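Asker: Submitted below is the structure of interest, expressed as structure tokens.
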Amino acid sequence: MIKKQFNIEQYHPETLSVRAGSDATELGENSEALFLNSSFRFQSAAQAAARFGGTEPGNIYSRFTNPTVTVFQDKLAALEGAEQCVATSSGMSAILACVMGLCSAGDHVVASRSIFGTSVQLFGNILKRWGLEVTFVSLTNPDEWQAAATTKTKLFFVETPSNPLTEVCDIKVLADIAHKAGAYLVVDNCFCTPAIQKPLALGADIIIHSATKYIDGQGRCLGGAVLGSKVLMEPVYGFLRTAGVTMSAFNAWVFLKGLETLYIRMEAHSRNALALATWLEAQPQVARVYYPGLASHPQHALAMQQQTNGGGIVSFEVKAKPGQTQQEAAWALIDATQLISITANLGDAKSTITHPATTTHSRVTAEARAASGISDGLIRIAVGLEHIEDLKADLAVLQR
Ligand SMILES: *Cc1c(COP(=O)(O)O)cnc(C)c1O
29 MIKKQFNIEQ YHPETLSVRA GSDATELGEN SEALFLNSSF RFQSAAQAAA
79 RFGGTEPGNI YSRFTNPTVT VFQDKLAALE GAEQCVATSS GMSAILACVM
129 GLCSAGDHVV ASRSIFGTSV QLFGNILKRW GLEVTFVSLT NPDEWQAAAT
179 TKTKLFFVET PSNPLTEVCD IKVLADIAHK AGAYLVVDNC FCTPAIQKPL
229 ALGADIIIHS ATKYIDGQGR CLGGAVLGSK VLMEPVYGFL RTAGVTMSAF
279 NAWVFLKGLE TLYIRMEAHS RNALALATWL EAQPQVARVY YPGLASHPQH
329 ALAMQQQTNG GGIVSFEVKA KPGQTQQEAA WALIDATQLI SITANLGDAK
379 STITHPATTT HSRVTAEARA ASGISDGLIR IAVGLEHIED LKADLAVLQR
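The numbering of the sequence shown is the numbering used here, which starts it at 29 and goes up by one.
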């Protein structure tokens, strides 16, 4: 590799997103090379032994060392201000690697009730079978976190803003409660990315990413990442090396291209989302809009302090017309769209629309949905990069 002197402290985040991590090989390529190979040769038996023994740094085998994946890890670590990044095969495997690396049977995790549906399944069903104790509490009520923590608590786990209601928690306050209880605060930063929110700077210990979403930004690849201090990442990396929940080199190469445009994309997503949320609030067929960038959002002030903008996710409740159920009203709007994609994915340049109650949150019981405020009339839009007037026009039935 051709090593250029690159001092992270010297540059702005936008510059880091374009430049950090990217050293060229002897061939001098200006865009990161894709190392699509499983293993690496050694010059001698002694060098092989030194690499395996960890006394000489270098690549061994792509399950745990691949140059393209390494560049992705270094770039994302620079953006989040983390000592180390461990890239994984998906966002879910990032959460799994984090827990498997840092917890044992009998340990306790306190998690927000408002986390990604599959994360609820992972904690509440699968990890529970292996002896992990899990308590779900309200994202926005610190007293519940305080009350739930025990001497066995290892991790606090949150997403902020939450999906789909965009509730925001105070990262600093939860970090303090976690640390006093001898636990680490884990923040799934998928909705914001480091372009909008830097959880480690606010006191969190670990960051989770689904790179599948905004880090890719164009709906192509699955991937994830765990970030934190070297000490915390060592067992996480140890789990990945052994269990093989590895990010593919090809996907890392795609994510590297995604990261180069992260800052301008997140600004554009957020600008469009704020404009759409503001417009939605004024439509007669809309009962309520959930978006942290709106003054009407319950944690608007906190969100604007913790984030550089409101992000790209907007949720809202449609009003049912006479003789119509809430679900029928929501489905009718979704089916009336021509441009916006009907899909549960988010973080894509293409805007997407989904009905959480019957898709992402359909495995949650109706009572639990009601308790967390996810009504049958709720719709989530992950606002993409199309022209705002075309998005409004696609939702024009709300005006009638
Ligand atoms: C999508 C998502 C995940 C899971 O990521 P995958 O890459 O789909 O495994 C985890 N957390 C949040 C907030 C997500 O949106």
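Beta carbons are placed, not taken as given, at the ideal position from N, Cα and C, and that holds for glycine.
Please read these numbers as outputs of a predicted model, since none were measured by experiment.
Would you kindly work out how many angstroms separate the C-alpha atoms of His389 and Phe34, rounded to a whole number?
Answerer: Here residue 389 corresponds to residue number 361 of the sequence shown, with the count starting at 1. Here residue 34 corresponds to residue number 6 of the sequence shown, with the count starting at 1. Whole-angstrom Cα-Cα distance: 44 angstroms.
Asker: State yes or no: is the C-beta of Ala115 within less than 9 angstroms of the C-beta of Ala280?
Answerer: Residue mapping note: residue 115 aligns to position 87 of the sequence shown, counting from 1. Residue mapping note: residue 280 aligns to position 252 of the sequence shown, counting from 1. Against a cut-off of 9 angstroms, the Cβ pair of Ala280 and Ala115 comes out as a contact.
Asker: Does the structure place the region 183 to 190 close enough to the region 123 to 138 that three or more beta carbon pairs sit under 8 angstroms?
Answerer: Yes, the region 123 to 138 touches the region 183 to 190.
Asker: Glu84 by DSSP, collapsed to three states: which one?
Answerer: As a position in the sequence shown, residue 84 is number 56, starting the count at 1. Of the three classes helix, strand and coil, the one that applies to Glu84 here is coil, per DSSP.
Asker: Are there 16 or more other CB atoms within 10 angstroms of the CB of Glu427, so buried, or fewer, so exposed?
Answerer: Walking along the sequence shown from the start, residue 427 turns up at place 399. Per the sequence shown, residue 427 should be read as Gln rather than Glu. Flag for Gln427 reads exposed.
Asker: Ligand 1 and Gly119: does the residue's C-beta get closer than 8 angstroms to at least one heavy atom of that ligand?
Answerer: Residue mapping note: residue 119 aligns to position 91 of the sequence shown, counting from 1. True, at least one ligand heavy atom lies under 8 angstroms from that Cβ.
Asker: For Ala360, tell me which candidate among Ser369, Thr371, Ala348 and Leu367 has the shortest Cα-Cα distance.
Answerer: Position 332 of the sequence shown holds residue 360. With distances taken between Cα atoms, Ala360 lies closest to Ala348.
Asker: Hey, could you find the ends of the beta strand (DSSP E) Ala139 is sitting in?
Answerer: Taking the first residue of the sequence shown as position 1, residue 139 is located at position 111. Where Ala139 is concerned, the enclosing beta strand (DSSP E) stretches over His136 to Ser140.
Asker: Does ligand 1 have a heavy atom nearer than 8 angstroms to the CB of Ala239?
Answerer: The sequence position of residue 239 within the sequence shown is 211, counting from 1. Answer for Ala239: yes, Cβ within range of ligand 1.
Asker: What does the alpha-carbon distance come out to for the pair Phe70 and Phe92?
Answerer: For this step, residue 70 is matched to residue 42 along the sequence shown. For this step, residue 92 is matched to residue 64 along the sequence shown. If you take the alpha carbons of Phe70 and Phe92, they lie about 16 angstroms apart.
Asker: Using a Cβ-Cβ cutoff of less than 8 angstroms, which residues in the same chain neighbour Gln334 once the five nearest sequence positions on both sides are dropped?
Answerer: On the sequence shown, residue 334 is found 306 positions in, with the first residue counted as 1. For Gln334, where only same-chain residues beyond five positions count, the Cβ hits under 8 angstroms are Thr188, Val196, Asp198, Ile199, Gln225 and Leu230.
Asker: Residues in the same chain with beta-carbon distance under 6 angstroms from Gly321, minus the five sequence neighbours each way, listed in chain order, please.
Answerer: Within the sequence shown, the letter at position 293 stands for residue 321. Contacts found: Leu302 and Gly338.
Asker: State the start and end residues of the unbroken alpha helix (DSSP H) segment that holds Lys182.
Answerer: Taking the first residue of the sequence shown as 1, we reach residue 182 at position 154. From DSSP, Lys182 is part of no alpha helix (DSSP H) but of the beta strand (DSSP E) over Thr181 to Glu187.
Asker: Residues in the same chain with beta-carbon distance under 8 angstroms from Pro263, minus the five sequence neighbours each way, listed in chain order, please.
Answerer: In the sequence shown, counting from the first residue as 1, residue 263 sits at position 235. So the qualifying residues of the chain are Gly129 and Leu130.
Asker: Does Asp404 pass the burial test, meaning 16 or more other C-beta atoms within 10 Å, or should it be called exposed?
Answerer: Counting from 1 along the sequence shown, the entry for residue 404 is found at position 376. Buried.
Asker: Can you tell which of Val411, Gly119, Gly81 and Leu268 has the C-alpha that lies nearest to the C-alpha of Leu374?
Answerer: Locating residue 374 in the sequence shown gives position 346, counting from the first residue. Comparing Cα positions, the closest option is Val411.
Asker: What is the DSSP secondary structure of Tyr291, reduced to helix, strand or coil?
Answerer: As a first step, residue 291 must be located in the sequence shown, where it is residue number 263. Note: Tyr291 maps to helix in three-state DSSP.
Asker: Please classify Glu288 as buried or exposed, where buried requires at least 16 neighbouring CB atoms within 10 angstroms.
Answerer: The count along the sequence shown starts at 1 and reaches residue 288 at position 260. Buried: at least 16 other Cβ atoms inside 10 Å.
Asker: With a cut-off of 8 angstroms, do at least 3 Cβ pairs link the region 128 to 148 to the region 165 to 173?
Answerer: With the cut-off at 8 angstroms, the region 128 to 148 and the region 165 to 173 touch.
Asker: Cβ-heavy atom distance between Glu108 and ligand 1 below 8 angstroms?
Answerer: By one-based count along the sequence shown, residue 108 stands at place 80. Incorrect: Glu108 has no Cβ contact closer than 8 angstroms to ligand 1.
Asker: Using beta-carbon positions only, say whether Leu64 and Phe278 come within less than 9 angstroms of one another.
Answerer: What you label residue 64 is simply residue 36 of the sequence shown in a count that begins at 1. What you label residue 278 is simply residue 250 of the sequence shown in a count that begins at 1. Contact: yes.
Asker: Spell out whether any CB of chain C is found under 9 angstroms from the CB atom of Gly412.
Answerer: In the structure shown, chain C cannot be found, because there is only a single protein chain.
Asker: Give the DSSP-derived three-state secondary structure of Gln311 in the structure shown.
Answerer: On the sequence shown, position 283 is the one that residue 311 refers to. Here Gln311 sits in coil by DSSP.
Asker: Per DSSP, which residues does Phe164 bridge with? Please list them.
Answerer: Reading the sequence shown from its first residue, position 136 is the one you call residue 164. Ala139.
Asker: With a 10 Å radius around its C-beta and 16 neighbouring C-beta atoms as the bar for buried, classify Leu55 as buried or exposed.
Answerer: Sequence index remark: in the sequence shown, residue 55 carries index 27 (1-based). Classification of Leu55: exposed, given that the 10 Å Cβ count is below 16.
Asker: Are there three or more Cβ pairs, one per stretch, closer than 8 angstroms when the region 197 to 216 is compared with the region 231 to 246?
Answerer: Yes: at least three Cβ pairs fall under 8 angstroms.
Asker: In chain order, which alpha helix (DSSP H) runs of at least 4 residues are fully inside the region 348 to 373?
Answerer: The region 348 to 373 contains these whole alpha helix (DSSP H) runs: 354 to 364.
Asker: With a threshold of 8 angstroms (Cβ to nearest heavy atom), would Ile236 be considered close to ligand 1?
Answerer: Here residue 236 corresponds to residue number 208 of the sequence shown, with the count starting at 1. Answer for Ile236: yes, Cβ within range of ligand 1.
Asker: Quick one, are the C-beta atoms of Tyr319 and Ala305 less than 9 angstroms apart?
Answerer: Counted from its first residue, the sequence shown places residue 319 at position 291. Counted from its first residue, the sequence shown places residue 305 at position 277. Cβ atoms of Tyr319 and Ala305: closer than 9 angstroms.
Asker: May I have the straight-line CA-CA distance separating Gly245 from Leu155, to the nearest angstrom?
Answerer: Taking the sequence shown and counting its residues from 1, one reaches residue 245 at position 217. Taking the sequence shown and counting its residues from 1, one reaches residue 155 at position 127. For Gly245 and Leu155, the distance between alpha carbons rounds to 30 angstroms.
Asker: For Ile341, write down the residues that DSSP places opposite it in a beta bridge.
Answerer: In the sequence shown, residue 341 corresponds to position 313, counting from 1. Per DSSP, Ala410.
Asker: What are the boundary residues of the beta strand (DSSP E) that includes Ser238?
Answerer: On the sequence shown, position 210 is the one that residue 238 refers to. Start and end: Ile234 to Ser238.
Asker: By the DSSP assignment, the beta strand (DSSP E) with Leu419 in it spans what residues?
Answerer: Here residue 419 refers to the residue found at position 391 of the sequence shown. Note, Leu419: premise wrong, no beta strand (DSSP E); alpha helix (DSSP H) at Ile416 to Asp422.
Asker: What's the call for Ala424, buried or exposed, on a 16-neighbour Cβ count within 10 Å?
Answerer: Along the sequence shown, read from residue 1 onward, the residue named residue 424 stands at position 396. Exposed, because fewer than 16 other Cβ atoms sit within 10 Å of the Cβ of Ala424.
Asker: Are there 16 or more other CB atoms within 10 angstroms of the CB of Asp216, so buried, or fewer, so exposed?
Answerer: Translated into positions along the sequence shown, residue 216 becomes position 188. Its Cβ being crowded by 16 or more others within 10 Å, Asp216 is buried.
Asker: To the nearest angstrom, report how far apart Leu250 and Gly351 are at their CA atoms.
Answerer: By one-based count along the sequence shown, residue 250 stands at place 222. By one-based count along the sequence shown, residue 351 stands at place 323. Distance between the alpha carbons of Leu250 and Gly351 is about 42 angstroms.
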